[in-house]
Amino acid sequence: MKKLILIPLAVIVLIGIILLFIFFKKGEKDNLLHTTGIVEGTEVNLSAKAAGKISELCCKEGDVVKEGNVVIRLESDDITASVKQARAGIERAKAEVNVSESAIENSKANIESAEAEVKNAEADVERARAQMEEAKRQMERASALYKDGFISKEDFDLKTTNYDTAVSGHEASKAKLRASISKKDAAAAQLNTSISQLYSSKARLKEAEAGFLYQMARLNDTIIKAPISGTVVFKAAEKGEIVSPGITILTIVDLNNLWVRVDMEETLIGHVELGAEAIIKAEGITNRTFKGKISEIGRYAEFATQRDVTHGRQDIKTFRLKIRLEDNAGMLKPGMTVNVDIPIKR
564 MKKLILIPLA VIVLIGIILL FIFFKKGEKD NLLHTTGIVE GTEVNLSAKA
614 AGKISELCCK EGDVVKEGNV VIRLESDDIT ASVKQARAGI ERAKAEVNVS
664 ESAIENSKAN IESAEAEVKN AEADVERARA QMEEAKRQME RASALYKDGF
714 ISKEDFDLKT TNYDTAVSGH EASKAKLRAS ISKKDAAAAQ LNTSISQLYS
764 SKARLKEAEA GFLYQMARLN DTIIKAPISG TVVFKAAEKG EIVSPGITIL
814 TIVDLNNLWV RVDMEETLIG HVELGAEAII KAEGITNRTF KGKISEIGRY
864 AEFATQRDVT HGRQDIKTFR LKIRLEDNAG MLKPGMTVNV DIPIKR
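In the working numbering, the protein residues as written are 564 to 909.
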């Protein structure tokens, strides 16, 4: 039974080898490798970053757009209001910063004034102490003179009163000094409070600025510009429709910069070289050939799109070739299958 199965498989393998040999020999006769490729180009799919209603759609399929042109606008009334609100938040935060900075300056001025008062109060205390000591000395001298009968009681009482007055003045000056020190401490505490308020105000300002930038980014996301110059080849929505984020609205292709992608089998890749000129033909375009040059040869092998299921042969691996079209004249379109003739490297 196994022999009966293996015989047809062997025949299939043999036929495949013969066909490949004939194909390759045919190419060798005209010094060309005959293969197929797909026309490709720089393609960009445009979509919205957020859901919204289309308020403006620039073009239809086939229209040409320039890089940087606005091609899609989404309704942005709510976002515009949010931007204004965020901008007002920045102004409020700036005003708070200004108030805090003014409070700091006032606190510093109050501290300087309080320090001057403390110095004056300290000088007053020193003068009052000196006066008190002098009054005490005179009172003690008057007391001795009074005991010896050299002065009258009225003179002694006067010196005693002067001393009591000096003591009261000294106490009053000390009280004034304590009040000045308390005022200075209060001004210093107010300065610390104002500094803390300034830090908080600046933090709120940064938060407001970040909120404004976020809302501006949202607003900018409602304006979609063409990232490349090219032709609109696909249009998936109309003005007034609501679109979801990430869903393609327009597809733009640069038709002036097309190439042909060829997946060359690894057994043949050694027969092609960079810069070789290729001839391209499209079955739908008769009596016309196109020229191109191999601009890229893949460095890594890829598995072919079709798997070889014959026994005794490994999976087919290919290397990707990129053939830059020299003069397309707008006839070849992305996605077209074309026949490609490549000179065999000798």
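Glycine is no exception: its CB is placed at the ideal position from the N, C-alpha and C atoms.
Query                                                                                                                : Result
Closest by C-alpha distance to Thr-881, when choosing among Leu-708, Lys-908 and Gly-833                             : Gly-833
Nonlocal neighbours in the same chain, by C-beta distance under 7 Å from Ile-667, ignoring five residues either side : Leu-754, Ser-757, Ile-758 and Leu-761
Beta-carbon proximity of Lys-765 to Val-662, cut-off 8 Å                                                             : no
Span separating the alpha-carbon of Leu-895 from that of Thr-785                                                     : 34 Å
C-alpha distance - Thr-643 paired with Leu-782, whole-angstrom precision                                             : 7 Å
Val-662 Cβ short of 7 Å to the ligand SAH heavy atom set                                                             : Although the ligand SAH was asked about, the structure shown includes no ligands whatsoever.
Proximity below 8 Å, CB of Asp-890 to CB of Gly-604                                                                  : no
Cβ-Cβ distance between Phe-853 and Ile-860 below 8 Å                                                                 : no
Nearest-angstrom Cα separation, counted from Glu-654 out to Met-899                                                  : 58 Å
Top-ranked residue by Cα proximity to Val-634, from Ile-617, Val-646 and Gly-847                                     : Ile-617
Distance between Ala-672 and Ala-658 (C-alpha atoms, nearest Å)                                                      : 21 Å
Pairwise C-alpha distance: Asp-687 and Lys-722                                                                       : 22 Å
Counterpart residues of Asn-902 in DSSP-defined beta bridges                                                         : Thr-599 and Lys-844
Limits of the alpha helix (DSSP H) - the one that Met-702 falls within                                               : 640-710
Nearest to Ala-751 (by Cα), restricted to the options Gly-615, Thr-599 and Ile-674                                   : Ile-674
Alpha carbon of Lys-588 to alpha carbon of Thr-830, nearest angstrom                                                 : Residue placement at Lys-588 is poorly supported in this model, since its pLDDT is 45, which falls under 50; the coordinates are not used for a value here.
Beta-carbon gap between Ala-780 and Ala-649 smaller than 8 Å                                                         : no
Residue burial classification, Lys-747 (beta-carbon count within 10 angstroms, cutoff 16)                            : buried
Beta-carbon gap between Leu-609 and Ile-787 smaller than 8 Å                                                         : yes
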